[in-house]
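Keeping their order, the protein sequence lines are chains Y and A. The letter at position 443 of the first sequence is residue 443 when you use full-length UniProt numbering, and the numbering goes up by one with no holes. The letter at position 216 of the second sequence is residue 216 when you use full-length UniProt numbering, and the numbering goes up by one with no holes. For every residue, glycine included, the Cβ atom is placed at its ideal position computed from N, Cα and C. Because the structure is a prediction, the values reported are computed rather than measured. All remarks here apply to the structure that follows.
Protein chains: 2
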Amino acid sequence: MTDAALAARLTEITGGPTTPGPDDGHDECLTVAGREPAHVVRPETAEQVAAVLKAASEAGTPVTARGSGTGLSGAAVPSPGGIVVSFERMNAVLEIDTDNHVAVVQPGVTLQELDARTAEHGLVYPVYPGELSASLGGNIATNAGGMRAVKHGVTRHHVLGLQAALPTGELIRTGGKFAKASTGYDLTQLIVGSEGTLALVTEAVLKLQPRVAHQATVLAPFAGLPEVTRAVPRVVGSGLQPQVLEYIDGMTMAAITHTADLQLGIPDAVRESAQAYLVVVLDGRTQERLDEDVEAVAQLLSELGAVDAYVLPAGSARKLIEARERAFYTAKAAGADDIIDTVIPRAALPEFMTRVTAIAQAHQTFVIGCGHAGDGNVHLAVFQKDTATRSTVLHELFAAAMALGGAISGEHGIGHAKREHFLALEDPAKVELMRRLKQAFDPAGVLNPGVLL
Amino acid sequence: MTDAALAARLTEITGGPTTPGPDDGHDECLTVAGREPAHVVRPETAEQVAAVLKAASEAGTPVTARGSGTGLSGAAVPSPGGIVVSFERMNAVLEIDTDNHVAVVQPGVTLQELDARTAEHGLVYPVYPGELSASLGGNIATNAGGMRAVKHGVTRHHVLGLQAALPTGELIRTGGKFAKASTGYDLTQLIVGSEGTLALVTEAVLKLQPRVAHQATVLAPFAGLPEVTRAVPRVVGSGLQPQVLEYIDGMTMAAITHTADLQLGIPDAVRESAQAYLVVVLDGRTQERLDEDVEAVAQLLSELGAVDAYVLPAGSARKLIEARERAFYTAKAAGADDIIDTVIPRAALPEFMTRVTAIAQAHQTFVIGCGHAGDGNVHLAVFQKDTATRSTVLHELFAAAMALGGAISGEHGIGHAKREHFLALEDPAKVELMRRLKQAFDPAGVLNPGVLL
Numbered sequence: 001m002t003d004a005a006l007a008a009r010l011t012e013i014t015g016g017p018t019t020p021g022p023d024d025g026h027d028e029c030l031t032v033a034g035r036e037p038a039h040v041v042r043p044e045t046a047e048q049v050a051a052v053l054k055a056a057s058e059a060g061t062p063v064t065a066r067g068s069g070t071g072l073s074g075a076a077v078p079s080p081g082g083i084v085v086s087f088e089r090m091n092a093v094l095e096i097d098t099d100n101h102v103a104v105v106q107p108g109v110t111l112q113e114l115d116a117r118t119a120e121h122g123l124v125y126p127v128y129p130g131e132l133s134a135s136l137g138g139n140i141a142t143n144a145g146g147m148r149a150v151k152h153g154v155t156r157h158h159v160l161g162l163q164a165a166l167p168t169g170e171l172i173r174t175g176g177k178f179a180k181a182s183t184g185y186d187l188t189q190l191i192v193g194s195e196g197t198l199a200l201v202t203e204a205v206l207k208l209q210p211r212v213a214h215q216a217t218v219l220a221p222f223a224g225l226p227e228v229t230r231a232v233p234r235v236v237g238s239g240l241q242p243q244v245l246e247y248i249d250g251m252t253m254a255a256i257t258h259t260a261d262l263q264l265g266i267p268d269a270v271r272e273s274a275q276a277y278l279v280v281v282l283d284g285r286t287q288e289r290l291d292e293d294v295e296a297v298a299q300l301l302s303e304l305g306a307v308d309a310y311v312l313p314a315g316s317a318r319k320l321i322e323a324r325e326r327a328f329y330t331a332k333a334a335g336a337d338d339i340i341d342t343v344i345p346r347a348a349l350p351e352f353m354t355r356v357t358a359i360a361q362a363h364q365t366f367v368i369g370c371g372h373a374g375d376g377n378v379h380l381a382v383f384q385k386d387t388a389t390r391s392t393v394l395h396e397l398f399a400a401a402m403a404l405g406g407a408i409s410g411e412h413g414i415g416h417a418k419r420e421h422f423l424a425l426e427d428p429a430k431v432e433l434m435r436r437l438k439q440a441f442d443p444a445g446v447l448n449p450g451v452l453l
Numbered sequence: 001m002t003d004a005a006l007a008a009r010l011t012e013i014t015g016g017p018t019t020p021g022p023d024d025g026h027d028e029c030l031t032v033a034g035r036e037p038a039h040v041v042r043p044e045t046a047e048q049v050a051a052v053l054k055a056a057s058e059a060g061t062p063v064t065a066r067g068s069g070t071g072l073s074g075a076a077v078p079s080p081g082g083i084v085v086s087f088e089r090m091n092a093v094l095e096i097d098t099d100n101h102v103a104v105v106q107p108g109v110t111l112q113e114l115d116a117r118t119a120e121h122g123l124v125y126p127v128y129p130g131e132l133s134a135s136l137g138g139n140i141a142t143n144a145g146g147m148r149a150v151k152h153g154v155t156r157h158h159v160l161g162l163q164a165a166l167p168t169g170e171l172i173r174t175g176g177k178f179a180k181a182s183t184g185y186d187l188t189q190l191i192v193g194s195e196g197t198l199a200l201v202t203e204a205v206l207k208l209q210p211r212v213a214h215q216a217t218v219l220a221p222f223a224g225l226p227e228v229t230r231a232v233p234r235v236v237g238s239g240l241q242p243q244v245l246e247y248i249d250g251m252t253m254a255a256i257t258h259t260a261d262l263q264l265g266i267p268d269a270v271r272e273s274a275q276a277y278l279v280v281v282l283d284g285r286t287q288e289r290l291d292e293d294v295e296a297v298a299q300l301l302s303e304l305g306a307v308d309a310y311v312l313p314a315g316s317a318r319k320l321i322e323a324r325e326r327a328f329y330t331a332k333a334a335g336a337d338d339i340i341d342t343v344i345p346r347a348a349l350p351e352f353m354t355r356v357t358a359i360a361q362a363h364q365t366f367v368i369g370c371g372h373a374g375d376g377n378v379h380l381a382v383f384q385k386d387t388a389t390r391s392t393v394l395h396e397l398f399a400a401a402m403a404l405g406g407a408i409s410g411e412h413g414i415g416h417a418k419r420e421h422f423l424a425l426e427d428p429a430k431v432e433l434m435r436r437l438k439q440a441f442d443p444a445g446v447l448n449p450g451v452l453l
């Protein structure tokens, strides 16, 4: 099929032009350059998406899905000559089902929109990857995580069902408005986190929960990172169920508070001696229970070596969490050359951070970080202009995480950006099995080639 | 390869005889007859399991995994001439990791053993499928659920990682001691619930949590089942987070209390007018909080139409829950011809039960039930001796569940028992996709043929 014939076919399917715009071929990844696709379609229905995939499979033309373009691994960057399927017109919250506690959404719905809609019913979708303009479709493709994962889990744990278009042209429905099933292979969980390489999600059933009214944020400065990371398993083990358990190193804290012009009321003497911070957010069904829990966590943090523990006023707390969310942009503005998000067992954090320091020093590279400490998910900003050296540093950081029982990415995904490292470090038997699974979904190999595998 | 040559090869691998015993070829399924395998191996290491699979693939001989044999779908019944891999010697709790809150277990470990071992550390594996002699390997194969799923989720939500032997002979490790990753397809979740058809699990990393000390059980009689099922979404929506939310119909309650010789202290007048019961188990970090929550739930149940709400003494509560667990055996003893466990959105329970009654009446079949109401997982005991009529009844019950957005099985699995219904009712595009996934794992087609697909 000629390019013009394919364009005509795609227009026939979606009823719109297929001319790409300047923003259709990139995401927020620092290391993968954007690329304009040959065609972009903006379907309005699942049936259109399925028909586009069928046409692409027949033509052998690569297809890349696009949500809000906030991904960090280049998975939204299309192949040369490829089609981008942009979900901007499939952006409806189809249902908030208050009896079953689920939302049914189209993939183009943003986290912000979903939060507003669930709030009207006293419910919440508790996954909080930070970037509220992100789309649910993108969140599902990368299995997005974020700060509240330590209590509530990640995207995977909240996707109960999907409607998805297969590259072979069928539309399937998986799972449903229920949390348990033992009826065949779990296609839902296989598609979640597959970075647009297996199927395109056209609808998702998301688990909601009652919105908890009362919330408090405790900020605890510690002498150093080892003290913070050693405290983490104890806070999780306390049964106090923190919603957020973030560590922020001194340098990152200085940067994000400076950027956000944030006054946290920490005395200068404390701030100067604190090399690392732990942020603990607690919630409670009543103010009284929350107050008790805040008291208990402050006491515990003090026993675990915190210099002090500050309960932040609501305004500062919100600003700190927002600033922490924006840490990626702060690092980017500060000239970071790459940002990674390795995951390790949370008790291995102190050892991992020791290895990070050693790797950084060995290659004269500057590495700072913050992270979802409760989950062992460490975000590191890597400052190293030389591409080859940076690649070596990344390889060693990923290898260190894997040696400690971890994985390359906790929530950003592999995408184009980390594919080479993934293929080099992962067990070949698993890579081969994943290739066979990919083949089972996508015999023509059109869905996001070059991403992941 | 001759049968004798295969036996010799299997003995060489596992160091033991391969002569089957009388208990090696059945499970607790009421409708699938046991069958003695040609060979049984009792491996001691993951490497032996992988070598057995490799030999079986080369010989083209079917392989069926066996844990404690407590399954309810016939998935442990081997193929004619097949090999049973019994995990009775791989029954070690390898690690209770208190910092990361995980247990690492071999597949032959029972729920009872794991509970005892985690209790020593103040931790708990909260999945509670009821039959405590069941093995974790079997639980993983069927994605076992149980009564606490409404709060804690099912097996799937607690399996963080696996070591598994592939039919192609490799041993792989998936996931790890962390709750989040975005590093390739989620092989862990694909293997969980695959009923021994994709890979054999040789080790599992299970998520634990702090054991909560305080617990209370509230029993609420209602006039009828519609009243109970309408109350369920409201109790879940209250934010009180019940750990257990079971409905028991009047007939089942009479049977299980009679069998267990259980005195619940319910006045005769109430018992005679109550056609259905709701059992609510709450837990709390402190006795004070628990007492408050019990008060709140009793108040709520009363508003929702409960005749009364009884807080059961600890002894009776334990016995009731145990008796509920044993409901399968009670139904079996009462002559039930089949027991199924459809799942539907919980708000669809009233409508589903109406349809169940209509189907039962239309086919002059007796159907009673109880269920995990919070999850919409309904266990129905079907009394109908005629095989053809019973098959029609089952087909109609499953179709009714699917029409309401549900699935055939919530936690028992498809196995041999429900395969025919699964293949008849499921979307052919999904069945074909599952066949291709099966082929990707098991090109020789040796793992549990005739189960599921």
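Determine the direct distance from the alpha carbon of L6/A to that of Q48/A, and round the result to whole angstroms.
For Q48/A and L6/A, the distance between alpha carbons rounds to 15 Å.
Report the residue ranges of all beta strand (DSSP E) runs contained in full by the region 210 to 246 of chain Y; include only those spanning at least 3 residues, in chain order.
Those beta strand (DSSP E) runs which fall completely within the region 210 to 246 of chain Y and span 3+ residues are 214 to 222.
Could you check where the alpha helix (DSSP H) with K151/A kicks off and where it finishes?
Here the alpha helix (DSSP H) through K151/A covers 149 to 152.
For R173/A, which beta-bridge partners are listed by DSSP?
Partner(s): Q163/A.
Can you list, in chain order, the residues of the region 257 to 280 of chain A whose Cβ is nearer than 8 Å to any Cβ on chain Y?
Correct list: empty, as no residue qualifies.
If you draw a straight line from the C-alpha of G74/Y to the C-alpha of C29/Y, how long is it?
Rounded to whole angstroms, G74/Y to C29/Y spans 5 Å at the Cα level.
Going by DSSP in three states, S68/Y sits in which element: helix, strand or coil?
If DSSP states are grouped into helix, strand and coil, S68/Y belongs with coil.
Quick check on the burial criterion: 16 or more other C-beta atoms within 10 angstroms. Buried or exposed for T18/Y?
Label assigned to T18/Y: buried.
Compute the distance between the beta-carbons of G175/A and G161/A, then report whether it is under 8 Å.
For G175/A and G161/A, yes; Cβs fall inside 8 Å.
Touching or not, the region 266 to 273 of chain A and the region 365 to 372 of chain A, by the rule of three or more beta carbon pairs under 8 Å?
Too few Cβ pairs lie closer than 8 Å, so no.
Can you tell which of R42/A, D268/A, V77/A, A119/A has its C-alpha closest to the C-alpha of M90/A?
Cα-wise, what sits closest to M90/A is R42/A.
Could you name each continuous alpha helix (DSSP H) segment of 4 residues or more that falls completely within the region 186 to 212 of chain Y, going from the start of the chain to the end?
Complete alpha helix (DSSP H) runs here, min 4: 187 to 191.
What would DSSP say about F178/Y, mapped onto helix, strand or coil?
Coil, per DSSP.
Can the beta-carbon of D442/A be found closer than 8 Å to that of R390/A?
The answer is no: Cβ separation not under 8 Å.
Quick check on the burial criterion: 16 or more other C-beta atoms within 10 angstroms. Buried or exposed for A33/Y?
With fewer than 16 other Cβ atoms within 10 Å, it is exposed.
Counting pairs of Cβ atoms below 8 Å between the region 54 to 63 of chain Y and the region 395 to 405 of chain Y, do you hit three or more?
No: the two stretches stay apart, fewer than three of their Cβ pairs being nearer than 8 Å.
Since T142/A is in the alpha helix (DSSP H), which residue starts that stretch and which ends it?
Note, T142/A: alpha helix (DSSP H), 136 to 142.
Check the C-beta distance from M434/A over to G193/Y and give it rounded, since I have them as a contact under 8 Å.
Actually they are not in contact, since the Cβ atoms of M434/A and G193/Y sit about 19 Å apart, beyond 8 Å.
Please state the DSSP three-state secondary structure of T19/Y.
The answer is coil: DSSP assigns T19/Y none of H, G, I, E or B.
For A444/Y, which residues from the same chain have a beta carbon less than 7 Å from its beta carbon, with the 5 sequence-adjacent residues on both sides left out?
Excluding sequence neighbours, A444/Y sits near S57, G60, P167.
Taking DSSP as the reference, what is the three-state secondary structure of V84/Y?
Residue state, collapsed to three classes: strand.
Identify the residues that DSSP records as bridge partners of L453/A: which are they?
Answer by DSSP bridge pairing: none, since L453/A is not bridged.
Looking at the strands, I want to know which residues DSSP matches up with H379/A.
BP columns for H379/A point to D341/A, C370/A.
Take every Cβ of the region 203 to 221 of chain Y, pair it with every Cβ of the region 328 to 338 of chain Y, and state whether three or more of those distances are shorter than 8 Å.
These segments do not touch.
Do L136/A and V109/A have their C-beta atoms closer together than 8 Å?
Contact: yes.
Throw me the rounded Cβ distance for the Y128/A and R148/A pair, which I believe falls under 8 Å.
With 8 Å as the limit, Y128/A and R148/A qualify as a contact, their Cβ atoms being about 4 Å apart.
Where does L312/A sit, in a helix, a strand or coil, going by DSSP?
If DSSP states are grouped into helix, strand and coil, L312/A belongs with the strands.
Cβ of D375/A less than 8 Å from any chain Y Cβ?
Answer yes: the Cβ-Cβ gap between D375/A and chain Y drops below 8 Å somewhere.
Pick out whichever of L301/Y, M253/Y, E120/Y, K207/Y has its Cα sitting closest to the Cα of V236/Y.
It is L301/Y whose Cα lies nearest to the Cα of V236/Y.
With DSSP as the reference, identify every bridge partner of V280/A, one or two as the case may be.
Bridge partners of V280/A: V218/A, L245/A.
Can A323/A and A260/A be called in contact, C-beta distance under 8 Å?
Contact flag set, yes.
V297/A CB to nearest chain Y CB: under 8 Å?
For V297/A, the answer is no, since every Cβ of chain Y falls outside 8 Å of its Cβ.
State yes or no: is the beta carbon of G176/A nearer than 8 Å to at least one beta carbon in chain Y?
Judged by the 8 Å Cβ criterion, G176/A is in contact with chain Y.
Let me confirm a value: A116/Y is counted as buried when at least 16 other C-beta atoms fall within 10 Å, else exposed. Which label applies?
Its Cβ having fewer than 16 others within 10 Å, A116/Y is exposed.
In the structure shown, what three-state DSSP assignment does A8/A receive?
Helix at A8/A.
Buried or exposed for H258/A, going by 16 or more other Cβ atoms inside 10 Å?
With fewer than 16 other Cβ atoms within 10 Å, it is exposed.
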